[in-house]
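Asker: In this note's numbering, the protein residues as written are 370 to 780. If you scroll down you'll find the structure; I have some questions about it.
Next up, the structure:
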């Protein structure tokens, strides 16, 4: 028996059917091989469940689906679709987000730059331990753990409740996203910002002419960290940064600041313009550092409490902040480079502010001791010594000697 040839119009994935269909299964008399009665599609009067929808029975008029005339056969009308079930989108989205949210248990799931609770590097960790900052965990390699300088610091942190994990450099690279960790990293509590009012009062009570640095739109964490480091090193009393469109305190800022965060108070305000107005009411003069300043920084007289406002490298100070400044000062440049780094310009301006204060202060009075010994010695020695010696020696010795001697011989 040979296999029948497949039809050319066969679609892929469809089972093969013999050509002619049911006609091949008919007998020679023309009757179907099955004697079963023809199945009726009419519905019977069976019991319907409560609340079910009963489809109406209609008769088609004219030509029906088969293309023939009215045959009198009945068929069911299409059932209308049920309205969609009301759903609580807020509840469903919250549940979906809860299941899809990543687990925050592993510290490496977040990038090191965006983690405010991670610090790394020797100076930041050392400053955090010495300032009694709350440390949750310290990751340190074996070489630094048993270092003569860091060993007492590690033991002090452990005594304060920190968990010490000895890890390899590969684990430290994973935690810090390949940053220069110098063999140590620590998980600390989030940085605590201070309010602006206490910062102003503390600055005015600390020194006669306080200096506060305000950063307008600094988005680079390296620049902000360098500004904090320079301000703390020169002697500024605080930093003010905005909440929006500016970088906050992150692990990169802490690394670049090199421990200055532990001693420098930082206020994060909602509106920098209102903060500057508040500083003006407290007696501060606001100076904006801009390349379009009306005078160079070394010609400005910084005699009152100062707020130095620094802008970003590309945009500089915003127009609204420039209008709030009492004066705009510039750093004159002689080279072809049009501008300076924001942190470098801040350091130069801060040094000029404090240089004027150092020059204005009178030098301390130094009372040198009177040269009593050398002046008294020469005057007393030649007059007293030679006069007393020769007068006493020759007069007393020769006169007494012979008289005593003669008296003795006579006796």
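Where a beta carbon is used, it is the ideal one built from N, C-alpha and C, also for glycine.
Give me the Cα-Cα distance between residue 698 and residue 615, rounded to the nearest whole angstrom.
Answerer: In a straight line, the C-alpha of residue 698 is about 23 Å away from that of residue 615.
Asker: Applying the 10 Å Cβ sphere with the 16-neighbour rule, what's the burial state of residue 599?
Answerer: Label assigned to residue 599: buried.
Asker: Under 8 Å Cβ to Cβ from residue 466, same chain only, skipping five residues before and after it: list those, please.
Answerer: At residue 466 the pLDDT is 48, less than 50, meaning the model places this residue with poor confidence and gives no usable figure here.
Asker: Is it buried or exposed, residue 703, if we count other Cβ atoms within 10 angstroms and call 16 or more buried?
Answerer: Label assigned to residue 703: exposed.
Asker: Ignore the nearest five residues each way along the sequence and tell me which others in residue 644's own chain have a CB closer than 6 Å to its CB.
Answerer: Closer than 6 Å at the Cβ level, and outside the excluded window around residue 644, lie 565, 609, 638.
Asker: Report all residues from its chain with a CB closer than 8 Å to the CB of residue 557; omit the five preceding and five following residues, and keep chain order.
Answerer: Cβ neighbours of residue 557 beyond the five flanking positions: 486, 487, 488, 497, 502, 503, 504, 505.
Asker: Roughly how many whole angstroms lie between the Cα atoms of residue 690 and residue 650?
Answerer: Approximately 16 Å between the Cα atoms of the pair.
Asker: Please determine, among 712, 507, 708, the residue with the shortest C-alpha to C-alpha distance to residue 531.
Answerer: Closest option to residue 531, Cα to Cα, is 507.
Asker: Tell me where the beta strand (DSSP E) around residue 655 begins and ends.
Answerer: Segment 654-658, the beta strand (DSSP E) holding residue 655.
Asker: Could you check if residue 678 is buried or exposed, using at least 16 other CB atoms within 10 Å of its CB as the buried criterion?
Answerer: Residue 678 is buried by the Cβ-count criterion.
Asker: Alpha carbon to alpha carbon, how far is residue 596 from residue 713? Give it in angstroms, no decimals.
Answerer: Distance between the alpha carbons of residue 713 and residue 596 is about 8 Å.
Asker: Which residues bound the beta strand (DSSP E) around residue 611?
Answerer: Residue 611 -> beta strand (DSSP E) spans 607-611.
Asker: Between which two residues does the beta strand (DSSP E) carrying residue 680 extend?
Answerer: Counting along the chain, the beta strand (DSSP E) containing residue 680 begins and ends at 675-680.
Asker: Distance, Cα to Cα, residue 515 vs residue 583?
Answerer: Distance between the alpha carbons of residue 515 and residue 583 is about 41 Å.
Asker: Who are the Cβ neighbours of residue 631 in its own chain at under 7 Å, not counting the five residues just before and after it?
Answerer: Contacts found: 496, 497, 500, 502.
Asker: Excluding the five sequence neighbours on either side, which residues of its own chain have a C-beta within less than 7 Å of the C-beta of residue 725, listed in chain order?
Answerer: Within the same chain, residue 725 has close Cβ partners 671.
Asker: Tell me the start and end of each unbroken alpha helix (DSSP H) in the region 485-558 that is at least 4 residues and wholly inside, in chain order.
Answerer: You should have 491-499, 511-514, 520-528, 538-545.
Asker: Using DSSP bridges, identify the partner residues of residue 664.
Answerer: Bridge partners of residue 664: 698.
Asker: If we count the other Cβ atoms within 10 Å of its Cβ and call it buried at 16 or more, is residue 576 buried or exposed?
Answerer: That one is exposed.
Asker: Quick one: measure Cβ to Cβ for residue 622 and residue 594, integer angstroms, because I've assumed they're closer than 8 Å.
Answerer: Correct: roughly 4 Å between the Cβ atoms.
Asker: Give a yes or no on whether the C-beta atoms belonging to residue 629 and residue 601 are separated by under 9 Å.
Answerer: Yes, these two residues count as a Cβ contact at 9 Å.
Asker: For residue 563, which three-state DSSP category applies?
Answerer: Note: residue 563 maps to strand in three-state DSSP.
Asker: Rounded to the nearest angstrom, how far is the Cβ of residue 581 from that of residue 606, given a contact under 8 Å?
Answerer: Indeed, because the Cβ distance is near 6 Å, the residues count as touching under 8 Å.
Asker: Can you tell me which of 705, 604, 520 puts its alpha carbon nearest to the alpha carbon of residue 719?
Answerer: Here the closest residue by C-alpha is 604.
Asker: Here's a check: name, in chain order, each residue in its chain whose Cβ is nearer than 6 Å to the Cβ of residue 625, leaving out the five neighbours to either side.
Answerer: Closer than 6 Å at the Cβ level, and outside the excluded window around residue 625, lie 591, 594, 595.
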